[in-house]
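Per the working numbering, the very first residue in the sequence shown carries number 68; after that it's consecutive.
In what follows, a single structure is set out as structure tokens and then discussed.
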Amino acid sequence: MGRMRKFAPSLQPSNHMTSVSNLLAHWFPMPKILHPRSAGVDISDASIKWMALEGFREKGRIVFWGEEPLPEGIVVGGVIQNIPELVTALEGIRKKLGGIVSVHIALPEEIGYVFSMHVPVNSRRESALNMIEFELEARVPIPLEEAVYDFDLITPHDDDSGDEIGVTVFPRTSVEKYVEAFQAAGFHPLSLEIEARSIARAVSSGSDNEPITLLVDFGRKRTGFAVLKHGIPIFTSTVGVGGAPVKKSLTEKTSPTQSGADEQKNEESKHTADDDKQPLIEDTLSGSESALADEVVRHYQYWDTRRNERGERVTPIECVLLVGGSANLKGLPGYIAARVQASAVRPNVWRHVCSFDDYIPPIDRRKSLQYATALGLA
């Protein structure tokens, strides 16, 4: 799929920062034709997902993909706690990638910070980085000497304010742990970026007329929120609301098999032929939907009341995109749309990869929502 500039340049520090490592010091973007065959890798607290494509934009084909669970405690809140165990897991995945060792890596939102700002029109990269440095202390709780960061151009010539850019910041130590683990497992990291950027690359049009969008990544144990402007994250947040409690409640209340709980969660929803079990299922799903919808509303309203650096109200959110494995709760888009009074949909994550007239991916639509991050990296 079409590749946009990734987080790699952020790992090339400005003159005011010491080099993260020899590897980080020479990570620069290359033209796609020069890139080696690569895979996108998405690591969460609970699993590792990967995706490798062949072909180019709108002509892509999946060659390798999969998911492996991660034992509890290896990654916690996006922070690597056990590098040797993660290396072992990554080594197993490398054996399933058919010789591919070059990877693009998503960094978890829990450990990153995102904000937008303006720089003078047509600022040189070094000048923009210097201006970002002056903003860091007020924007993120990471000392300058302990931070790595990058930016994406959002809106050139944004009225009279200059160029609008989206800035992403990570703790240096956290980034180094991810690089160390992948290198020890025999991989060659090509780039790193915040996972919201990866998802946005898969589902956003990135066009100038695309409305401000709230991206909701509804996972097993947590939900990530990102406000997108022209496909670039300008705000991110993570909350501890996920789909795992729904699965657990369905298992306890209706006693399906463990493997059937996900299917029941996704398909049975609030309309089932089993009237005896229906109230229990309805209560369970309504509780989860309500908790998630409450968070969506909270983020929606928070953004709607924000003001930019000029004191003006920001452009409101017009659309909510739902991804992640737990986004498959039947009726969830309509439930959230009614709560926030805005469009809420499950996007087509294949929009930039292929046309269904030419190719049908081996991953069905429901499951594909779990692979949005890896697909955006591939």
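We put the CB at the ideal spot given by N, CA and C, even for glycine.
Every value quoted in this text rests on a predicted model; they were computed, and no experiment measured them.
- For residue 210, the number of other beta carbons within 10 angstroms of its own is below 16, and it is reported as exposed.
- Here the C-alpha atom of residue 360 lies approximately 6 Å from the C-alpha atom of residue 403.
- In this structure residue 199 touches residue 216 by the C-beta definition: roughly 6 Å separates them, less than 8 Å.
- The straight-line gap separating the alpha-carbon atoms of residue 267 and residue 383 is approximately 18 Å.
- Along the segment 158-237, the alpha helix (DSSP H) occurs as fully enclosed runs of 4 or more residues at 192-206, listed in sequence order.
- The beta carbon of residue 375 sits closer than 6 Å to those of 381, all from its chain and outside the five residues before and after it, given in chain order.
- Across the structure, residue 283 and residue 387 are spaced so that their CA atoms are roughly 7 Å apart.
- Taking residue 310 as the centre and dropping the five residues before and after it, the same chain places the C-beta of 287, 393 closer than 6 Å to its C-beta, in chain order.
- Residue 397 has its alpha-carbon roughly 38 Å from the corresponding atom of residue 184.
- For the pair of segments examined, the segment 139-150 was found to touch the segment 107-116: the number of CB pairs separated by less than 8 Å reaches three.
- Bounds of the alpha helix (DSSP H) holding residue 403 are 399-407.
- Under the criterion of beta carbons closer than 8 Å, residue 416 and residue 436 qualify as touching, at roughly 7 Å.
- Rounded to the nearest angstrom, the Cβ distance from residue 302 to residue 294 is 4 Å, consistent with a contact under 8 Å.
- For the pair of segments examined, the segment 159-175 was found to touch the segment 255-264: the number of CB pairs separated by less than 8 Å reaches three.
- Burial state of residue 208 is exposed, judged by a 10 Å Cβ sphere holding fewer than 16 other Cβ atoms.
- Residue 420 and residue 278 have their alpha carbons spaced roughly 22 Å apart.
- Sequence-distant partners of residue 127 (beyond 5 residues in either direction) whose C-beta falls short of 6 Å from its own C-beta, in its chain, are 68, 120, 420, 421.
- Considering only 232, 253, 163, 409, the residue with the shortest C-alpha distance to residue 154 is 253.
- Under DSSP, residue 419 forms no beta bridge with any residue.
- In this structure, residue 213 sits away from residue 150, with a CB-CB distance that is not shorter than 8 Å.
- Annotated as distal: residue 219 and residue 167, with beta-carbon spacing of 8 Å or more.
- Going by C-alpha positions, residue 156 is about 13 Å away from residue 140.
- Assignment of beta-bridge partners to residue 261 by DSSP yields 174.
- Boundaries of the beta strand (DSSP E) around residue 296: 290-296.
- Here the alpha carbons of residue 269 and residue 228 stand approximately 29 Å from one another.
- The beta carbons of residue 107 and residue 443 sit closer together than 8 Å.
- Of the candidates 240, 428, 250, 192, the residue whose Cα lies closest to the Cα of residue 178 is 240.
- Here the alpha carbon of residue 222 sits roughly 11 Å from the alpha carbon of residue 186.
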